[in-house]
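So the sequence shown is numbered by my numbering: it starts at 3 and just counts up by one. Have a look at the structure below before the remarks.
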Amino acid sequence: MFTTNATVFKNYINGEWVRSSGDHNFQSVNPANKKDIVGVFQASNRQDVDRAMEAARQAFPIWANTPLSKRADVLLKAADYLEENLETFATELTREEGKTIGNSRNEILRSAKTFRFYAVEGQTITGETFPNDDPEMSVSTERVPLGVVAVITPWNFPVSIPARKIAPALITGNTVVFKPSSDTPLIACRIIEALHHAGIPKGVINFVTGSASEIGDSLVAHPAIRAITFTGSTSAGVHIHKMASLTTRTQMELGGKNPLIVMDDADVALAVKLTIKGGFSLTGQACTGTSRVIVMERIKESYTRQLIEATRRLKIGDGFTEGVDIGPLANEKQLNNVLKYIQMGEEEGAQLIYGGKRLINEEYRDGFYIEPAIFTDVDPVMRIAREEIFGPVIAVIGARTYDEAIKIANDVDYGLSAAMVTNNLAVAEKFKKDIDAGTVKINRTTTGNLMNAPFGGLKKSSTSTFRESGRIGLDFFTQLKTIYTGY
Ligand code: NAD
Numbered sequence: 003m004f005t006t007n008a009t010v011f012k013n014y015i016n017g018e019w020v021r022s023s024g025d026h027n028f029q030s031v032n033p034a035n036k037k038d039i040v041g042v043f044q045a046s047n048r049q050d051v052d053r054a055m056e057a058a059r060q061a062f063p064i065w066a067n068t069p070l071s072k073r074a075d076v077l078l079k080a081a082d083y084l085e086e087n088l089e090t091f092a093t094e095l096t097r098e099e100g101k102t103i104g105n106s107r108n109e110i111l112r113s114a115k116t117f118r119f120y121a122v123e124g125q126t127i128t129g130e131t132f133p134n135d136d137p138e139m140s141v142s143t144e145r146v147p148l149g150v151v152a153v154i155t156p157w158n159f160p161v162s163i164p165a166r167k168i169a170p171a172l173i174t175g176n177t178v179v180f181k182p183s184s185d186t187p188l189i190a191c192r193i194i195e196a197l198h199h200a201g202i203p204k205g206v207i208n209f210v211t212g213s214a215s216e217i218g219d220s221l222v223a224h225p226a227i228r229a230i231t232f233t234g235s236t237s238a239g240v241h242i243h244k245m246a247s248l249t250t251r252t253q254m255e256l257g258g259k260n261p262l263i264v265m266d267d268a269d270v271a272l273a274v275k276l277t278i279k280g281g282f283s284l285t286g287q288a289c290t291g292t293s294r295v296i297v298m299e300r301i302k303e304s305y306t307r308q309l310i311e312a313t314r315r316l317k318i319g320d321g322f323t324e325g326v327d328i329g330p331l332a333n334e335k336q337l338n339n340v341l342k343y344i345q346m347g348e349e350e351g352a353q354l355i356y357g358g359k360r361l362i363n364e365e366y367r368d369g370f371y372i373e374p375a376i377f378t379d380v381d382p383v384m385r386i387a388r389e390e391i392f393g394p395v396i397a398v399i400g401a402r403t404y405d406e407a408i409k410i411a412n413d414v415d416y417g418l419s420a421a422m423v424t425n426n427l428a429v430a431e432k433f434k435k436d437i438d439a440g441t442v443k444i445n446r447t448t449t450g451n452l453m454n455a456p457f458g459g460l461k462k463s464s465t466s467t468f469r470e471s472g473r474i475g476l477d478f479f480t481q482l483k484t485i486y487t488g489y
């Protein structure tokens with residue numbers, strides 16, 4: 003047990019805030035200042051998971067039969083609560099995850115909007131009717147909830163990712179056991195608080211904090227589970243997918259190695275702006291973040307020069323400081339991993355032409371800060387060009403033709419997001435068809451997705467089963483019954 007003055011937060015099981023039966027804790031720290039302990043959380047164990055599962059299992063038939071408008075009311079009230087507490091929660095999000103306060107406000111507001119969106123969209127779910135030869139029979143389908151759903155989420159969007167899973171799960175009548183990332187349990191806890199405040203019945207949402215090694219397998223292989231909606235790394239996704247039983251539906255949103263292709267005719271200033279926004283905002287910690295820029299050789303030098311100039315102007319610092327563009331990396335493991343890849347890039351023979359050093363002077367000493375890094379002379383076979391780094395590191399790769407650029411872009415295991423900068427509509431049209439990515443953008447950043455549009459990856463970026471977000475995001479949480487009625 004840690005001794006600290008920080009508040010101790012509990013699990014939420016069967017409508018009550020409870021301690022873990024093992025009474026072990028862990029700390030969540032501020033990545034901008036590791037001496038700042040944001041909170042102390044329950045290091046849960048298998049018994050805690052079992053209790054949460056049992057609560058969710060028992061609540062399921064009651065919640066599934068609760069009128070849809072009442073389920074919607076809970077989501078709407080939870081959205082109100084998030085908005086009413088915007089400043090407090092945005093502050094906590096920046097303190098716990100490190101993103102800039104503006105980004106934190108946007109995330110809280112987007113999460114509230116997501117709850118509202120599914121409160122309405124969830125009411126439009128319908129089945130189909132099927133014509134048949136028997137004049138005294140009707141045949142139709144009905145959508146029914148699955149049962150207990152496990153929601154497992156990462157730290158980089160610790161409110162909006164859970165929101166886009168929990169809201170559609172609940173509105174369709176499922177009950178939930180939610181395990182957040184251990185790097186951002188406080189802000190995840192606020193989602194539960196919002197639902198509790200909104201009057202969600204006991205057992206419908208349950209919240210268990212703790213490490214993947216301690217509770218991961220007992221959660222995903224639990225016999226009560228009917229679905230797992232997971233967002234995180236591909237390696238964890240592969241493991242969870244294997245652990246899931248035949249009767250457990252899975253939705254895995256995983257890593258990326260997202261390319262931005264800059265064509266000969268591109269507006270270079272725009273290409274630079276999109277690179278900075280896609281690659282460095284959120285300190286490069288977005289699954290759709292730009293990590294490879296494939297540039298036509300003819301403009302590569304001018305693009306690279308302008309990219310360095312623009313990167314030099316970026317302000318690095320605490321997310322609360324006015325004008326800061328890049329906050330710290332979210333945790334020490336992230337810092338070490340990103341530094342490892344930067345060193346690897348140099349060892350592989352790529353040229354580090356800008357940044358890439360850990361920042362250690364007074365202002366940065368207690369946080370996980372690095373300078374954004376730009377590599378040139380990157381060969382597509384290098385690991386920095388193929389593996390997800392999840393930090394502010396850009397690999398600039400030259401290409402002579404469109405075909406070569408597409409070949410490089412597609413020659414990785416991932417297929418989450420990809421963008422092209424061009425003014426040539428014919429090339430843009432061809433790109434939409436040729437690129438292997440679940441999100442394709444023209445003259446926009448690889449990052450960002452609309453709440454009301456489908457989101458998900460191809461190849462190892464996703465299980466390619468069910469999309470998240472938008473109306474289609476409801477599909478994962480329901481299954482079909484086909485009903486034949488003779489009369
Ligand atoms: P992670 O895979 O380490 O952890 C994600 C979550 O899964 C955490 O809650 C973690 O505790 C849990 N987890 C890990 N192993 C588990 C196991 N064996 N059983 C049960 N739970 C387990 O990822 P992270 O470091 O938190 O997040 C960064 C990763 O997330 C990056 O790879 C990024 O690309 C990915 N990501 C993907 C999307 C997307 O929509 N595709 C969005 C955001 C982040």
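The beta carbon of each residue, even a glycine, is placed where N, CA and C say it ideally should be. Note that the structure is a prediction, hence the values are computed from the model and not measured.
Short of 7 Å in beta carbon distance, which residues of its chain neighbour residue i, apart from the five on each side in sequence? Order them along the chain.
i: Val-20; result: Lys-12 and Asn-13
i: Val-161; result: Leu-95, Glu-109, Ile-110, Ser-113, Ile-189 and Ile-193
i: Phe-4; result: Low confidence applies here, because Phe-4 scores a pLDDT of 41, under 50, leaving its location unreliable and the question unanswered by this model.
i: Ile-39; result: Thr-6, Ala-8, Gln-29 and Val-31
i: Ser-235; result: Leu-256 and Gly-257
i: Leu-476; result: Glu-123, Gly-124, Ile-127, Pro-170 and Thr-174
i: Asp-438; result: Asn-412, Gly-417, Leu-460 and Lys-461
i: Met-245; result: Asp-219, Val-222 and Ala-223
i: Ser-22; result: Asn-13, Gln-44, Ala-45, Ser-46, Asn-47 and Asp-50
i: Ala-407; result: Ile-263, Ile-296 and Ala-401
i: Asn-105; result: Leu-284
i: Tyr-486; result: Met-139 and Val-141
CB-CB under 6 Å to residue i, same chain, minus the five flanking residues each way: which ones, in chain order?
i: Thr-9; result: Gly-41
i: Asn-176; result: Pro-147, Leu-148, Val-151 and Phe-479
i: Ile-278; result: Ala-312
i: Leu-501; result: Past the boundaries of the shown model lies residue 501; the chain is included only from 3 to 489, so the question cannot be answered.
i: Cys-191; result: Phe-11
i: Asn-426; result: Asp-267
i: Asp-327; result: Leu-316 and Lys-317
i: Ile-227; result: Val-150, Ala-152 and Thr-250
i: Asn-16; result: Ala-57, Lys-204 and Gly-205
At what residues does the alpha helix (DSSP H) containing residue i begin and finish?
i: Ala-238; result: 236-245
i: Val-20; result: No alpha helix (DSSP H) holds Val-20; the beta strand (DSSP E) holding it covers 18-20.
i: Trp-65; result: 48-66
i: Phe-171; result: The residue asked about is misnamed: residue 171 is Ala in this sequence, not Phe. Segment 162-173, the alpha helix (DSSP H) holding Ala-171.
i: Asp-185; result: That residue, Asp-185, is in no alpha helix (DSSP H); it is neither H nor E in DSSP.
i: Gly-104; result: 103-123
i: Thr-96; result: 88-99
i: Asp-320; result: Counting along the chain, Asp-320 falls outside any alpha helix (DSSP H), and DSSP gives it neither H nor E.
i: Ser-220; result: 219-222
By Cβ distance below 8 Å, which residues in the same chain neighbour residue i in space, the five residues on each side in sequence not counted?
i: Glu-138; result: Gly-488 and Tyr-489
i: Phe-119; result: Ala-169, Met-453 and Asn-454
i: Glu-303; result: none
i: Asp-415; result: Thr-236, Lys-259, Arg-388, Lys-461 and Lys-462
Would you grab the beta carbon distance between residue i and residue j for me? Rounded to a whole angstrom, and I think it's under 8 Å.
i: Ile-154; j: Phe-232; result: 5 Å
i: Ala-428; j: Thr-448; result: At roughly 22 Å, the Cβ-Cβ gap does not stay under 8 Å, so Ala-428 and Thr-448 are not in contact.
i: Ile-217; j: Ser-46; result: 5 Å
i: Gly-450; j: Lys-101; result: Not really, about 14 Å apart at Cβ, beyond 8 Å.
i: Ile-396; j: Phe-377; result: 7 Å
i: Val-398; j: Val-295; result: 5 Å
i: Asp-368; j: Asn-87; result: That belief does not hold up - the Cβ atoms of Asp-368 and Asn-87 are roughly 28 Å apart, past 8 Å.
i: Gln-253; j: Thr-465; result: 6 Å
Over what stretch of residues does the beta strand (DSSP E) that includes residue i continue unbroken?
i: Pro-261; result: 260-264
i: Met-453; result: Unbroken run through Met-453: none, as it is neither H nor E.
i: Gly-400; result: 395-401
i: Ser-293; result: 292-298
i: Phe-13; result: Just to set this straight, residue 13 is Asn in the shown sequence, not Phe. Where Asn-13 is concerned, the enclosing beta strand (DSSP E) stretches over 13-15.
Run through the DSSP bridge pairs and tell me what residue i is partnered with.
i: Ser-30; result: Gly-41
i: Leu-2; result: This structure cannot speak to residue 2, because the chain is shown only from 3 to 489.
i: Leu-272; result: Leu-272 is not bridged to any residue.
i: Ser-419; result: Thr-441
i: Ala-229; result: Val-151 and Arg-251
i: Asn-208; result: Val-179
i: Ser-142; result: Thr-131 and Ile-485
i: Glu-431; result: In DSSP, Glu-431 forms no bridge with anything.
i: Leu-461; result: Leu is not the amino acid found at residue 461; the sequence shown has Lys there. For Lys-461, which the question treats as bridged, DSSP gives the partners Tyr-416.
i: Asn-35; result: Asn-32
Is residue i a contact residue of ligand 2, with contact defined as CB to any heavy atom under 7 Å?
i: Gly-100; result: As for ligand 2, it is missing from this structure, which binds only ligand 1.
Is any beta-carbon of chain B found at less than 8 Å from that of residue i?
i: Lys-342; result: Looking at the structure shown, chain B is missing, and only one protein chain is on hand.
>> In chain order, what are the residue ranges of uninterrupted beta strand (DSSP E) at least 3 long that sit wholly in the segment 360-386?
In response: 375-378
> Hey, which unbroken runs of the alpha helix (DSSP H) at 4 residues or more fall wholly within the segment 326-359?
Replying inline: 334-350
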